[in-house]
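**Student:**
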Amino acid sequence: MKKLVLFTLPLIMVLLQGCNNNPVIPEATQIVLRGYLYANEPVQDIEVMSSFPLGSSDSTNPPITTATVALLKSGNSYPLSPDTARPGYYYYQGTGLTVNVGDMFNIEVDYNGQSVTAATVVPPKPQNVALSVSNLHFRIDTIQVRFGTRISVTGLDTAIVTWDNPDGQYFYVVTESIDSTAQLLRPDSSFTRRFTSQPTNENSYRINNNSILYTGKHVLKVYRVNKEYADLYRSRQQDSRELNEPLTNVKGGLGIFSAFASDSLYFTVSLDSSTSE
Amino acid sequence: MNVFTRLSVRTLVLLSTLTLGITTLYSQTRTIQGVVKDAQSGERLPNATLMIKGTKVGAKSNLEGFFVLPNAPDSQFVLEARFVGYGVEEVKIPSGQKPEDIVLELTTQDVLLQGVTVFAEEATVLKTESEPSLSTISPRQLLTLPNVGQPDIFRSMQLLPGVSGTNDRESGLYVRGGTPDQNLILFDGMTVYHVDHFFGFFSAFNPDAVKDVQFYKGGYPAEYGGRLSSVVDMTGKAGDPNNLHIGAGLNLLSGDVNVGIPLFGQGSFLVAFRRSYSDIIQSSAYTSLYDFLTGSSSSTSSPRGFGVGEGRQRFSGFSTQSTPTEIFHDLNSKLTYNLTSHDIVSASFYNSIDNLDNSQQGSTLAFPGSNLQVTTPPTTDITQQGNLGASAKWFHQWTDRLYSNILVATAKYTSDYDYDVNRTNPNAATQNQQSTDEQNIINDNSFRIDNQWILDNIHDVSFGTEVSRTDAAYSLAATTVFNQSQAPFLDSREQAMQTAVYVQDKWSRFAGTLLDLTLGLRTTAYTLTSQTFWEPRFSWRYLLTENVSLKGAYGVYHQFVNRIINQDLSQGSRDFWVLSDNSLQPGGAIHYILGGTWENQGYLFDVEGYYKSLDNLVEFSQRFRITADDLYSFYSGSGTSRGVELLLQKKQGTLNGWISYTLGRAENVFPELNNGNPFPADQDQTHELKIVGNLALGDNWTASSTFIFGSGTPYTSPVSQYAIQLLDGSNNLYTHVSDMNAYRLPSYQRLDASISKRFGEENSSHWLVGVSAFNLLNHTNIAYYQYDLSTDPIHVTEVTGLGFTPTIFVQVDFQ
């Protein structure tokens with residue numbers, strides 16, 4: 221008995237030495253979906269991407285160009301086609317699909333054995349959208365400074381857009397220059413023709429004059445935001461210790477699938493200038 | 096007289112004789128009572144087994160060592176007394192009238208090895224009882240098992256099947272897929288919440304202060320309640336009422352002393368104190384241990400490359416090893432006094448403190464052949480935890496068959512955690528400021544009355560009541576990206592009353608068969624939820640043959656205080672205790688147990704299968720949130736745990752020990768976590784093999800060895816990165832974490848060995864000297880990973896268990 225035990229034990233230990241695996245950071249990729257639907261606009265803002273390894277120095281998701289993507293509405297399936305001009309983007313090629321207020325959409329993405337789904341409802345558009353001024357005036361001053369001159373652009377008007385929001389829902393505001401002949405106000409600005417605000421659950425928004433780059437005609441759109449996008453925005457920061465991830469409505473994957481409805485207004489931007497010392 | 100008539104007459108005479116004989120036999124019985132004691136120390140021995148030799152008729156001694164054998168035969172018989180770790184004692188009971196109270200004095204096996212004559216031996220360290228899932232541990236015999244400087248009760252229980260033995264960093268018990276908070280830990284009636292010392296390598300219980308350990312792995316009886324998994328009921332030593340005893344012990348990590356003072360031959364006062372001394376003197380072994388644990392001499396920072404892209408190797412992370420420092424002490428004292436021949440009073444006090452320092456110095460790691468350097472910041476990480484408790488008990492013997500215990504107990508658990516680190520972080524979406532201040536206090540006060548009424552040799556009835564009040568306070572203040580304030584964002588203070596009543600009947604030889612039943616019912620009223628819980632308890636044992644028995648148990652259990660795990664992937668999870676309330680409903684469990692035993696004088700083979708269903712399990716997370724405004728969330732779910740345990744034990748002889756194997760699965764489902772998919776519980780472990788051997792080498796030398804193998808436990812890991820661009824053009828980068836517990840740590844292996852020698856004279860000093868080696872093969876066992884995602888490349892710390900650690904120990908007892 222003793223010999224049996226004394227012989228068997230080392231044998232067992234040697235055999236068990238081989239039972240080891242040692243992953244440090246497992247590799248796994250997930251489908252990242254960024255899908256936005258806009259009421260009364262064509263479906264062309266669906267982006268399918270892949271996550272990337274932790275050790276990578278990349279900061280953008282690699283696009284997935286060969287996924288099978290379909291929108292479902294009222295029991296009908298509408299397959300989306302990959303946009304060859306924009307890798308990772310998918311759009312609806314036909315004419316039978318419309319995005320209307322109140323429509324419920326599901327999306328299905330299949331790629332490489334992974335399946336991702338999400339659902340959203342097109343919200344109602346904002347009501348009683350109004351802008352306090354229809355023409356924003358800016359003054360450009362050329363100021364003499366110690367080693368030359370400096371251009372100063374000053375907004376002379378305060379433009380506030382308002383809308384109904386009795387329930388504290390979320391909205392965001394987009395301002396965009398649509399005048400192709402417009403004059404550039406701020407040559408060194410980092411803003412673009414199109415500026416999107418952060419979501420707000422207020423019923424008004426003060427246009428950031430610094431975001432106005434061009435003179436001429438502008439469109440202002442107020443979008444109603446669904447809960448899933450508001451949750452994403454409000455949980456967008458990740459703590460390196462907790463590793464909390466933003467809330468997502470995507471099942472089996474990451475990202476966001478949401479719908480928006482908007483109402484539009486127009487305003488113009490004009491200017492005069494002077495020089496001061 | 097014809098044949099038929101003769102046959103009828105003979106039958107009638109036979110039946111009459113038989114009936115008369117049975118009647119006579121039944122009426123010629125007597126009640127035998129007495130007490131079981133330790134022959135050397137005079138300690139009364141609880142839960143000792145008394146048996147009429149050659150029969151299956153017997154009884155067990157109660158906590159005060161008293162036993163009663165009702166309806167013992169009037170004829171002469173031999174009474175055997177057995178207790179784990181002691182030799183078997185026999186006494187001849189003469190025929191006739193009821194004898195005077197019998198005193199059975201058992202001799203410990205270590206004394207027996209010095210030449211005292213005995214008739215037989217009981218199991219040395221571990222005894223598997225006839226009741227389902229019940230084991231008895233001999234604290235005294237633990238000294239012979241390998242240890243890392245301290246013999247340990249809980250470490251020895253981790254060698255049993257069904258109890259995980261692969262948790263180096265925690266001596267709490269993971270029993271049949273359950274968690275340590277699901278175990279009711281009692282010491283002289285006090286509830287103990289924190290059971291760890293020294294990174295979890297030791298339990299907070301000094302074996303020198305413990306007389307008996309009853310361990311129910313499941314299906315525990317109606318006298319216990321409030322936990323979902325198991326019961327560890329420890330009885331403290333009372334001391335010798337006639338002699339002064341002084342004992343001391345020393346090893347390379349800690350020292351201990353115990354003193355037992357007799358009180359006029361009617362009682363004793365016992366004090367036992369144990370403390371680590373690394374803050375005062377650092378032995379060479381401790382220095383080596385410290386260096387190993389903190390990685391100052393063995394830190395490995397190796398690039399972990401994976402993936403090859405664009406013609407070059409990418410270093411995606413590197414790892415270092417780190418283990419903390421620890422200072423601890425515990426103090427036990429107990430006063431016991433026999434007021435009368437029927438009354439014993441005792442008062443017990445317990446205190447344990449741990450100061451755990453997991454702080455890390457900052458360091459800069461350079462990679463050979465490149466200009467790449469990574470700096471890790473200095474970190475403050477200090478935990479202080481402790482237990483403080485006292486109990487007072489009055490035992491009264493009303494008659495030779497009716498006993499009562501009245502107990503008043505109070506216990507307090509405290510935990511204080513301080514964490515702080517500052518580092519730069521190039522990742523715009525991931526923030527840097529990290530500080531945590533966490534405090535947890537539990538006050539548990541109880542009053543209980545337990546009665547035992549031995550009706551006859553068939554019915555042994557227990558009944559009683561327990562009233563307890565629990566106060567729980569927990570506060571958490573953490574500076575995170577969501578909260579830059581130092582004020583607590585989680586602050587809970589609650590109190591609750593529990594009132595429980597139970598009744599139980601141990602029904603021997605049910606309906607004249609070989610079936611023993613234990614039928615019990617416990618009911619508990621809980622104030623915080625205004626609910627009353629009914630908990631039926633049922634166990635049975637059927638003797639198939641003299642050596643083979645079948646057994647089973649069923650029970651309903653509830654738990655009203657929860658240990659919440661705060662999962663922290665980057666720094667290691669922490670825990671705190673809160674009460675159940677209307678938002679965190681009391682947990683519930685149902686146990687199903689079925690098994691069988693083959694046993695003879697020398698060997699035991701035991702198989703037991705179990706299935707537990709659990710509900711109202713609680714998870715706490717700052718990682719998962721229900722709404723965007725949440726800083727944390729509690730989640731409720733359910734779970735199952737199932738498995739089968741095998742135990743093969745050689746109970747006696749110069750070579751003794753056991754081999755145990757467990758196949759198990761523990762799985763949870765939380766609808767709001769992991770997309771509602773089932774996931775392995777943190778403590779899930781599929782395979783676990785344990786081999787324990789003790790070898791008497793002669794001349795009082797003993798060698799022992801333990802080997803543990805366990806398949807890897809699950810863990811959750813960061814696995815990838817992804818970016819989301821919002822409508823305002825901002826691009827946020829995130830670390831994605833895997834499904835819960837989707838991966839497995841490497842398997843665990845550990846071989847421990849020790850050799851010791853006893854020497855000394857009877858009625859003088861007794862010495863035990865030995866050498867022990869923990870993790871003799873220095874196998875690296877990874878407890879968990881820590882991740883620092885703010886560095887580039889990512890820094891992964893493999894937090895390991897203890898490596899090869901030799902120790903020398905000396906134990907001396909004077910009397």
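The listed protein sequences derive, respectively, from chains Z and A.
Here the first sequence stands for residues 221 to 497, numbered as in my numbering.
Here the second sequence stands for residues 96 to 910, numbered as in my numbering.
We treat Cβ as the ideally placed atom computed from N, Cα and C, and that holds for glycine.
So is S424 (chain Z) in contact with chain A if we call contact Cβ pairs under 8 Å?
**Tutor:** By this cut-off, S424 (chain Z) is not an interface position.
**Student:** Identify which residue in A:Q680, A:K785 and A:F444 has its Cα closest to the Cα of G752 (chain A).
**Tutor:** Here the closest residue by C-alpha is A:K785.
**Student:** Three Cβ pairs or more, each shorter than 8 Å: is that satisfied between the region 497-514 of chain A and the region 479-486 of chain A?
**Tutor:** The region 497-514 of chain A, when compared against the region 479-486 of chain A, does touch it at the 8 Å Cβ threshold.
**Student:** Spatial neighbours of Q264 (chain Z) within its chain, please: C-beta separation below 6 Å, excluding the five flanking residues on both sides.
**Tutor:** Excluding residues within five positions, the ones whose Cβ falls inside 6 Å are Y311.
**Student:** Name the chain A residues whose beta carbon is nearer than 9 Å to that of Y392 (chain Z)?
**Tutor:** Within 9 Å Cβ-Cβ: L822 and D823.
**Student:** T382 (chain Z): which of Z:L351, Z:N355 and Z:Q313 sits nearest, CA to CA?
**Tutor:** The shortest C-alpha separation from T382 (chain Z) is found at Z:L351.
**Student:** Leaving out five residues on either side along the sequence, give the residues of the same chain with a beta carbon under 7 Å from the beta carbon of L863 (chain A).
**Tutor:** Cβ within range, chain order: L238, S851, R853 and Q906.
**Student:** Where do the ends of the alpha helix (DSSP H) carrying E448 (chain Z) lie?
**Tutor:** Here the alpha helix (DSSP H) through E448 (chain Z) covers K447 to R454.
**Student:** Going by the beta-carbon positions, is the gap between Y880 (chain A) and Y810 (chain A) smaller than 8 Å?
**Tutor:** In this structure, Y810 (chain A) lies closer than 8 Å to Y880 (chain A) by Cβ.
**Student:** Do you know offhand how far L347 (chain A)'s Cα is from S373 (chain A)'s?
**Tutor:** Answer to the nearest angstrom: the Cα atoms are 9 Å apart.
**Student:** Looking only at DSSP bridge pairs, what is H996 (chain A) linked to?
**Tutor:** There is no way to answer for residue 996 (chain A), as the model of chain A reaches only from 96 to 910.
**Student:** Taking its Cβ as the centre, do 16 or more other Cβ atoms sit within 10 Å of I266 (chain Z), making it buried, or is it exposed?
**Tutor:** It is buried - the Cβ of I266 (chain Z) has at least 16 other Cβ atoms within 10 Å.
**Student:** DSSP state of M835 (chain A), grouped into three classes?
**Tutor:** Of the three classes helix, strand and coil, the one that applies to M835 (chain A) here is coil, per DSSP.
**Student:** Between the Cα of S482 (chain Z) and the Cα atoms of Z:V393, Z:L253, Z:T285 and Z:L463, which residue gives the shortest distance?
**Tutor:** Answer by Cα proximity: Z:V393.
**Student:** At which residues does the alpha helix (DSSP H) containing T251 (chain A) begin and terminate?
**Tutor:** The question names Thr, but residue 251 (chain A) is Ser in the sequence shown. I248 to M252 is the span of the alpha helix (DSSP H), which, as asked, contains S251 (chain A).
**Student:** Going by the CB atoms, is the gap between N423 (chain Z) and D384 (chain Z) shorter than 8 Å?
**Tutor:** Contact flag set, yes.
**Student:** State buried or exposed for N677 (chain A), treating a residue as buried only when at least 16 other CB atoms are found within 10 Å of its CB.
**Tutor:** Exposed, because fewer than 16 other Cβ atoms sit within 10 Å of the Cβ of N677 (chain A).
**Student:** Rounded to the nearest angstrom, how far is the Cβ of T280 (chain Z) from that of P307 (chain Z), given a contact under 8 Å?
**Tutor:** Rounded, the Cβ-Cβ distance is 11 Å, inconsistent with contact.
**Student:** Check S441 (chain A) in the structure and name its three-state DSSP category.
**Tutor:** Reduced to three states, the DSSP call for S441 (chain A) is strand.
**Student:** For a minimum of 3 consecutive residues, which ranges assigned as the beta strand (DSSP E) are wholly contained in the region 613-678 of chain A?
**Tutor:** List check, beta strand (DSSP E) in window: 626-638, 643-654, 656-661 and 669-674.
**Student:** Cβ of N836 (chain A) less than 8 Å from any chain Z Cβ?
**Tutor:** Not closer than 8 Å to any Cβ of chain Z, the Cβ of N836 (chain A) fails to qualify, so no.
**Student:** Report yes or no: is there a C-beta of chain Z within less than 8 Å of the C-beta of A848 (chain A)?
**Tutor:** Cβ-Cβ to chain Z under 8 Å: no for A848 (chain A).
**Student:** Could you tell me the alpha carbon to alpha carbon distance between D670 (chain A) and H424 (chain A), rounded to whole angstroms?
**Tutor:** If I take the Cα positions, the gap works out to 21 Å.
**Student:** Taking a Cβ distance cut-off of 8 Å, strictly less, list which residues of the region 802-815 of chain A are near chain Z, in chain order.
**Tutor:** The residues in question are F802, F804, S806, G807, S812, P813, V814 and S815.
**Student:** Can you tell me whether G160 (chain A) is buried or exposed, with buried defined as 16 or more other CB within 10 angstroms of its CB?
**Tutor:** Classification of G160 (chain A): buried, given that the 10 Å Cβ count is 16 or more.
**Student:** Would P273 (chain Z) count as contacting chain A if we go by Cβ distances under 8 Å?
**Tutor:** Answer yes: the Cβ-Cβ gap between P273 (chain Z) and chain A drops below 8 Å somewhere.
**Student:** Roughly how many angstroms lie between the CA atoms of H890 (chain A) and L884 (chain A), to the nearest whole one?
**Tutor:** So the two alpha carbons sit approximately 7 Å from each other.
**Student:** Got a sec? Which residues, its chain only, sit under 7 Å from S297 (chain Z) by beta carbon, not counting five neighbours each side?
**Tutor:** Result list for S297 (chain Z): A290, in chain order.
**Student:** Quick check on L255 (chain A): buried or exposed, where buried means 16 or more other Cβ atoms within 10 Å of its Cβ?
**Tutor:** Classification for L255 (chain A): buried.
**Student:** Check the C-beta distance from M146 (chain A) over to E175 (chain A) and give it rounded, since I have them as a contact under 8 Å.
**Tutor:** At roughly 5 Å, the Cβ-Cβ gap stays under 8 Å, so M146 (chain A) and E175 (chain A) are in contact.
**Student:** Between the C-alpha atoms of A914 (chain A) and S454 (chain A), what's the straight-line distance to the nearest angstrom?
**Tutor:** There is no way to answer for residue 914 (chain A), as the model of chain A reaches only from 96 to 910.
**Student:** Could you name the residues of chain A that A479 (chain Z) contacts, counting a contact when the two beta carbons are closer than 8 Å?
**Tutor:** The contacting residues do not exist; A479 (chain Z) stays about 12 Å from chain A at best.
**Student:** So which of Z:S400, Z:T288, Z:G295 and Z:E448 has the shortest CA-CA distance to V342 (chain Z)?
**Tutor:** Measuring from the Cα of V342 (chain Z), the nearest candidate turns out to be Z:E448.
**Student:** Using beta carbons (cut-off 8 Å, strictly below), is D908 (chain A) in contact with chain Z?
**Tutor:** No, D908 (chain A) lies away from the interface with chain Z (no Cβ there is under 8 Å from its Cβ).
**Student:** Assuming the contact rule is C-beta atoms closer than 8 Å, W672 (chain A) and Y508 (chain A) should be a hit. Round their C-beta distance to whole Å, please.
**Tutor:** Right, the Cβ-Cβ distance comes to about 7 Å (below 8 Å), so this counts as a contact.
**Student:** Note down, in chain order, each residue of its chain lying with its Cβ closer than 6 Å to the Cβ of S913 (chain A), except the 5 sequence neighbours on either side.
**Tutor:** With chain A running from 96 to 910 in the structure shown, residue 913 (chain A) is simply not present.
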